[in-house]
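Using the numbering used here, read the sequence shown as starting at 17 and increasing by one per residue. Structure first, then comments.
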Amino acid sequence: MRAALAFVASRLFARVPNAPADVAMDVDDASGRVVVTWTPGPSAGRHNLEEEEHVVSARFRDGACEEALRGTACDGWMDVHVGTGRRFEMTVPEGARGTLEARCRAENAAGASAWVTARRIRGEDEGE
Numbered sequence: 017m018r019a020a021l022a023f024v025a026s027r028l029f030a031r032v033p034n035a036p037a038d039v040a041m042d043v044d045d046a047s048g049r050v051v052v053t054w055t056p057g058p059s060a061g062r063h064n065l066e067e068e069e070h071v072v073s074a075r076f077r078d079g080a081c082e083e084a085l086r087g088t089a090c091d092g093w094m095d096v097h098v099g100t101g102r103r104f105e106m107t108v109p110e111g112a113r114g115t116l117e118a119r120c121r122a123e124n125a126a127g128a129s130a131w132v133t134a135r136r137i138r139g140e141d142e143g144e
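Right, here's the structure in full:
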């Protein structure tokens with residue numbers, strides 16, 4: 017009974033999750049391997065019982081993608097991961113041009129946090 021009441025309370029009183037922290041992107045330009053990592057934000061409330069999912073979105077901010085989207089309402093972001101993990105890996109296809117950006121947010125039944133743009137650990141933009 018207590019578990020059922022906690023579940024109902026989590027659906028009625030859950031709050032939108034806090035944004036993730038320490039969002040980082042490690043890019044190995046030689047292999048095209050990209051790893052995005054994050055730390056979940058603190059709990060937004062005592063009724064937030066379900067594990068939050070995290071969404072990772074990526075885009076090329078220049079190059080052919082920017083050219084193709086110029087003049088459209090699309091900003092180029094694509095969701096590439098939704099899950100409860102704390103890390104996402106992908107490989108950028110050989111020949112892809114442009115500077116890759118990534119961002120992450122938390123989601124639960126109450127809604128979604130703000131996006132947090134990943135800081136680049138290494139790769140083509142290192143030091144900018």
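The beta carbon of each residue, even a glycine, is placed where N, CA and C say it ideally should be. Every value quoted in this text rests on a predicted model; they were computed, and no experiment measured them.
Closest to residue i by CA distance: which of the options is it?
i, options, result
"A125", "D95, R31 and L21", "R31"
"M94", "S73, F104, E67 and E66", "S73"
"G61", "R18, F29 and A112", "F29"
"S47", "T55, R18, E110 and R86", "E110"
Can you give the Cα-Cα distance for residue i and residue j, rounded to whole angstroms?
i, j, result
"G92", "R119", "12 Å"
"V108", "T88", "24 Å"
"A122", "G99", "10 Å"
"G143", "D42", "Here the model assigns G143 a pLDDT of 43, short of 50, so the residue's position is not dependable, and the following value carries that caveat. Distance between the alpha carbons of G143 and D42 is about 13 Å."
"P36", "A84", "31 Å"
"E67", "C90", "31 Å"
"A20", "R103", "32 Å"
"V132", "M17", "38 Å"
"D38", "T55", "6 Å"
"A112", "G101", "27 Å"
"D45", "A130", "29 Å"
"E69", "R86", "32 Å"
By Cβ distance, which residues of its chain are closer than 7 Å to residue i, with the 5 residues on each side in sequence left out?
i, result
"M106", "V50 and V96"
"P58", "N34"
With a threshold of 8 Å on Cβ separation, who are the neighbours of residue i within its own chain once the five nearest residues in sequence on each side are excluded?
i, result
"E82", "F76, G92 and G114"
"A128", "V32, P33, V71, R121 and A122"
DSSP puts residue i in a beta bridge; with which residues?
i, result
"C120", "V72 and V132"
"R49", "D44 and T107"
"R138", "D42"
"D95", "S73"
"A37", "T55"
Less than 6 Å between C-beta atoms, sequence neighbours within five positions excluded: which residues of the same chain meet that for residue i?
i, result
"A40", "T53, A134, R135 and I137"
"E117", "R75 and R77"
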